[in-house]
Amino acid sequence: MIVRIVVSLPVLALFAGTAYAQVAGDAAAGEKVFKQCQVCHTAEPGKNKIGPSLYGVVGRKSGSAEGFNYSPAMKTANIVWTPENLDKYLTDPKAMVPGNKMAFPGLKNPQDRQNVIAYLAQLPKEKK
Ligand code: HEC
């Protein structure tokens, strides 16, 4: 019994960390939030519009979607789009990357941000 508790605590802590990073949001709800992004972004690989394709953006380096003409600010921002960084960017895009050309005020609702990040995170798995 004691042994089991000692073993399971770190496992639980690890799981909680992973859960926060990856599935705090609801991807189905996030797909609806993504409608606000679709004026400028697609979720299709390689399809850029006014903004770069967001397919595979989670874990990607900022300014690296192929064939998209980024602003100098985004090109040199040197951010990896982890869920945490996406959350920060989407809260206030101009504050996190000053001078970037995404004309979007941000998502003020934390749950909307988590949901859209969850949606973006599961895209590559969905399409495989
Ligand atoms: C009015 C158009 C517009 C809307 C709406 C918009 N974006 Fe963007 N987004 C852009 C543009 C343009 C860029 C490129 C910025 C640059 O190069 O400075 C960008 C860049 C990004 C990046 C960085 C991508 C990279 O490859 O580095 C992310 C992430 C992003 N947008 C997420 C979102 C999400 C999520 C939404 C919806 C909640 C959204 N955007 C809504 C225009 C938009």
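Using the working numbering, you'd call the opening residue of the sequence shown number 4 and step up by one each time. From the three backbone atoms N, C-alpha and C, an ideal C-beta is built for every residue, glycine too. Since this is a predicted model, take the numbers as computed values, not measurements.
For Asp29 and Thr79, what's the separation of their Cα atoms in angstroms?
31 Å
Report yes if the CB atom of Met99 is closer than 8 Å to the CB atom of Lys91, and no otherwise.
yes
Tell me which residue opens and which closes the alpha helix (DSSP H) that Leu110 is part of.
Looking at the DSSP string, Leu110 is not in any alpha helix (DSSP H), and its letter there is neither H nor E.
Should Ile53 be labelled buried (16 or more other beta-carbon atoms within 10 Å of its own) or exposed?
exposed
Is the beta carbon of Gly109 less than 8 Å from the beta carbon of Ser74?
no
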